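Here you go:
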């Protein structure tokens with residue numbers, strides 16, 4: 007079993023807690039899962055963040071590799087030691103359980119929203135639409151399914167080819183829309199122009215307050231939001247939710263994207279373009295979406 011304290015001691019001795027050093031260190035000989043665990047601990051050492059874990063060798067005859075076995079990364083948790091020096095590190099070696107089990111279920115949460123999966127009976131049309139609209143590429147594609155991505159993730163949108171599906175009923179419960187964030191007002195408006203010139207127009211354009219947003223419908227009627235953040239921090243956006251302005255109007259103020267383009271051309275500062283004007287009371291009936 008690989009003790010966390012062994013790895014921690016190595017980090018203290020070397021004085022360099024980086025993933026690069028872990029790659030160059032004696033941990034190179036360890037099988038993949040254990041090496042990654044070691045590198046994770048060393049990488050996070052400077053942040054006073056220790057990954058407590060246990061690694062247990064489990065012989066798997068079906069596994070064919072240079073080391074002819076597999077290491078199970080068992081129970082793990084994150085321990086933060088506030089205002090402690092190296093001698094405050096706990097020698098926390100846990101009994102290994104099944105892969106994925108946690109010692110503190112209440113503390114476990116996802117690290118990101120990974121992808122959205124759609125099913126369609128007009129598979130080729132939908133795949134082409136998303137490739138163009140998201141400016142993305144297919145990581146894998148055949149006659150049954152397609153995995154699309156626009157960044158480092160292996161897929162952000164998956165589309166399944168399912169025949170004979172009916173149209174989405176207006177009154178059904180379910181997902182209302184999926185949102186994608188752009189880097190700036192310039193990028194958002196460039197996206198608008200690119201789609202507009204191909205006949206793809208937004209169905210709802212609005213400044214929500216925290217975001218400036220354009221909503222689109224894909225060929226199957228799924229609703230997408232393309233947005234930018236109007237504030238520089240999450241704290242500022244959250245503060246807006248508790249303002250009198252949001253209490254009066256939690257929906258937002260619509261705007262004409264062509265007018266926005268004209269303002270950008272005239273040199274109006276982005277901060278001013280993002281500022282939501284007052285428009286009186288608004289409610290759910292003012293949302294022009296399904």
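Numbering (our numbering), first residue to last: 7 to 296. Cβ atoms here follow ideal geometry from the backbone N, Cα and C, with glycine treated the same way. These numbers come from a predicted model, not from an experiment.
Practice task
Return the Cβ separation of residue 128 and residue 225 in integer angstroms, given the expectation that the two are a contact with Cβ distance under 8 Å.
Solution key: Along the chain shown, read from residue 1 onward, the residue named residue 128 stands at position 122. Along the chain shown, read from residue 1 onward, the residue named residue 225 stands at position 219. Sure, about 6 Å apart at Cβ, within 8 Å.
Exercise for the section: To the nearest angstrom, report how far apart residue 199 and residue 221 are at their CA atoms. Expected result: Residue mapping note: residue 199 aligns to position 193 of the chain shown, counting from 1. Residue mapping note: residue 221 aligns to position 215 of the chain shown, counting from 1. Each residue's Cα considered, the two are about 14 Å apart.
Exercise for the section: Check whether the region 240–254 touches the region 203–213, taking contact to mean three or more Cβ pairs, one atom from each stretch, closer than 8 Å. Expected result: no
Practice task
Under the assumption that residue 154 contacts residue 125 (Cβ atoms under 8 Å), give the Cβ distance between them as a whole number of angstroms.
Solution key: For the purposes of this step, residue 154 is identified with residue 148 of the chain shown, where counting begins at 1. For the purposes of this step, residue 125 is identified with residue 119 of the chain shown, where counting begins at 1. The pair is not a contact, with the Cβ atoms about 14 Å apart (cut-off 8 Å).
Problem - Identified DSSP bridge partners for residue 231 - result: As a first step, residue 231 must be located in the chain shown, where it is residue number 225. Answer by DSSP bridge pairing, in chain order: 185 and 221.
Handout entry: Coarse secondary structure for residue 210, derived from DSSP in three states
Key = Position 204 of the chain shown, counted from the start, is the residue given in the question as residue 210. Note: residue 210 maps to strand in three-state DSSP.
Problem - Counted within 10 angstroms of its Cβ, other Cβ atoms place residue 231 as buried (16 or more) or exposed - result: On the chain shown, residue 231 is found 225 positions in, with the first residue counted as 1. Result: buried.
Exercise for the section: Give me the Cα-Cα distance between residue 135 and residue 163, rounded to the nearest whole angstrom. Expected result: Residue mapping note: residue 135 aligns to position 129 of the chain shown, counting from 1. Residue mapping note: residue 163 aligns to position 157 of the chain shown, counting from 1. So the alpha carbons of these two residues sit roughly 12 Å apart.
Exercise for the section: Return the CA-CA distance between residue 139 and residue 197, expressed in angstroms with no decimal places. Expected result: Taking the first residue of the chain shown as 1, we reach residue 139 at position 133. Taking the first residue of the chain shown as 1, we reach residue 197 at position 191. Going from the Cα of residue 139 to the Cα of residue 197 covers about 8 Å.
Handout entry: CB contact flag (residue 261, residue 211, <8 Å)
Key = Translated into positions along the chain shown, residue 261 becomes position 255. Translated into positions along the chain shown, residue 211 becomes position 205. Yes, Cβ-Cβ distance for residue 261 and residue 211 is below 8 Å.
Handout entry: residue 216 burial status per 10 Å Cβ neighbour count (16 or more: buried)
Key = In the chain shown, the residue the question calls residue 216 occupies position 210. Its Cβ being crowded by 16 or more others within 10 Å, residue 216 is buried.
Problem - DSSP bridge partner residues for residue 144 (one or two, in chain order) - result: Here the question's residue 144 lines up with position 138 in the chain shown. Answer is 154.
Handout entry: Whole runs of the alpha helix (DSSP H) within the region 221–295, excluding any shorter than 4 residues
Key = 240–247, 250–254, 263–271 and 276–280
Practice task
Report yes if the CB atom of residue 280 is closer than 8 Å to the CB atom of residue 191, and no otherwise.
Solution key: Sequence index remark: in the chain shown, residue 280 carries index 274 (1-based). Sequence index remark: in the chain shown, residue 191 carries index 185 (1-based). Going by C-beta atoms, residue 280 is nearer than 8 Å to residue 191.
Problem - residue 276 versus 130, 184 and 238, residue with shortest Cα-Cα distance - result: In the chain shown, the residue the question calls residue 276 occupies position 270. That would be 238, whose Cα lies nearest to the Cα of residue 276.
Exercise for the section: Report the three-state DSSP secondary structure of residue 196 (helix, strand or coil). Expected result: Numbered from 1 along the chain shown, position 190 holds the residue referred to as residue 196. DSSP places residue 196 in helix when its eight states are reduced to three.
Practice task
Label residue 68 either buried or exposed according to how many other C-beta atoms from any shown protein chain fall within 10 Å of its C-beta, with 16 as the threshold for buried.
Solution key: As a first step, residue 68 is located in the chain shown; it is residue number 62 there, counting from the start. Reliability of the predicted coordinates at residue 68 is poor, the pLDDT of 37 falling under 50, and the value obtained from them is presented with this limitation in mind. Under this definition residue 68 is an exposed residue.
Handout entry: Alpha-carbon spacing of residue 149 relative to residue 120, whole angstroms
Key = Here residue 149 is taken as the residue at index 143 of the chain shown, counted from 1. Here residue 120 is taken as the residue at index 114 of the chain shown, counted from 1. The alpha-carbon atoms of residue 149 and residue 120 are separated by roughly 23 Å.
Practice task
Could you pull out every residue in the same chain whose Cβ sits closer than 8 Å to the Cβ of residue 144, ignoring the five residues on either side in sequence?
Solution key: As a working note, residue 144 is residue 138 in the chain shown. Cβ neighbours of residue 144 beyond the five flanking positions: 133, 137, 152, 153 and 154.
Exercise for the section: Return helix, strand or coil for residue 201, following the three-state DSSP convention. Expected result: Here residue 201 corresponds to residue number 195 of the chain shown, with the count starting at 1. Residue state, collapsed to three classes: helix.
Exercise for the section: Note down the Cα distance separating residue 160 from residue 286, rounded to an integer number of angstroms. Expected result: Taking the chain shown and counting its residues from 1, the one referred to as residue 160 is at position 154. Taking the chain shown and counting its residues from 1, the one referred to as residue 286 is at position 280. Distance between the alpha carbons of residue 160 and residue 286: 44 Å.
Practice task
Using alpha carbons as the reference points, say which of 142, 169, 173 and 172 lies closest to residue 158.
Solution key: Counting from one through the chain shown, the residue named residue 158 turns up at place 152. When each option's Cα is compared against that of residue 158, the closest is 142.
Handout entry: residue 117 burial status per 10 Å Cβ neighbour count (16 or more: buried)
Key = Indexing the chain shown from 1 puts residue 117 at position 111. Exposed: under 16 other Cβ atoms inside 10 Å.
Problem - Start-to-end residues for the beta strand (DSSP E) that takes in residue 126 - result: Residue mapping note: residue 126 aligns to position 120 of the chain shown, counting from 1. It spans 122–126 - the beta strand (DSSP E) in which residue 126 sits, taken as one unbroken run.
Practice task
Compute the beta-carbon to beta-carbon distance between residue 174 and residue 227, rounded to the nearest angstrom, for a pair I have assumed lies under 8 Å.
Solution key: The residue you call residue 174 lines up with position 168 of the chain shown. The residue you call residue 227 lines up with position 221 of the chain shown. 5 Å between Cβ atoms; contact.
Practice task
Indicate whether at least one CB of chain B lies closer than 8 Å to the CB of residue 223.
Solution key: This model lacks chain B altogether; it includes just one protein chain.
Handout entry: Residue from 240, 272 and 233 with nearest C-alpha to residue 183
Key = As a working note, residue 183 is residue 177 in the chain shown. When only C-alpha atoms are compared, the closest one is 233.
Exercise for the section: Just tell me which of 293, 111 and 114 has its CA closest to the CA of residue 322. Expected result: Summary: the structure shown does not reach residue 322, with the chain confined to residues 7 through 296, and so no result is reported for it.
Practice task
Identify the continuous alpha helix (DSSP H) that holds residue 132 and give its terminal residues.
Solution key: As a working mapping, residue 132 is identified with position 126 in the chain shown. Where residue 132 is concerned, the enclosing alpha helix (DSSP H) stretches over 129–139.
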